[in-house]
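These notes concern the structure reproduced below.
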Amino acid sequence: MSVEEGAMTYEQAVKEVWVWQYSNTGSFYSQLCTAWQKADPKNRARLFQAFPQLCEAMNDWEAAEEPANWFRKYLGQTVKV
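Using the working numbering, the final residue of the sequence shown is 83, and nothing's skipped along the way.
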């Protein structure tokens with residue numbers, strides 16, 4: 003399956019989750035991550051329909067045993083957490 007032009011890749015989504023968690027930039031994607039954390043299952047399903055890569059990355063991050071290691075898996079050893 004190819005990524006549509008302009009669509010976010012999973013790796014880009016992981017970076018946005020990291021930015022949300024560690025830099026507090028207040029970006030659009032940071033707001034979506036906050037919405038994901040506060041959403042009930044019905045609204046999480048709606049967010050997932052609109053932003054599948056970002057929501058998948060958020061879900062994977064939440065399920066990770068060690069979130070710092072999860073970020074490093076995608077962003078490299080130099081990422082600061």
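For each residue, glycine too, the CB sits at the ideal point set by N, CA and C.
- In this chain, the alpha helix (DSSP H) harbouring F50 covers 43-52.
- Each residue's CA atom was taken as its position, placing S29 and V16 some 14 Å apart.
- In this structure L49 touches A37 by the C-beta definition: roughly 6 Å separates them, less than 8 Å.
- At a Cβ-Cβ threshold of 9 Å, V21 and Y12 do not count as neighbours.
- Taken atom to atom, the span from the alpha-carbon of Y24 to that of E18 is near 10 Å.
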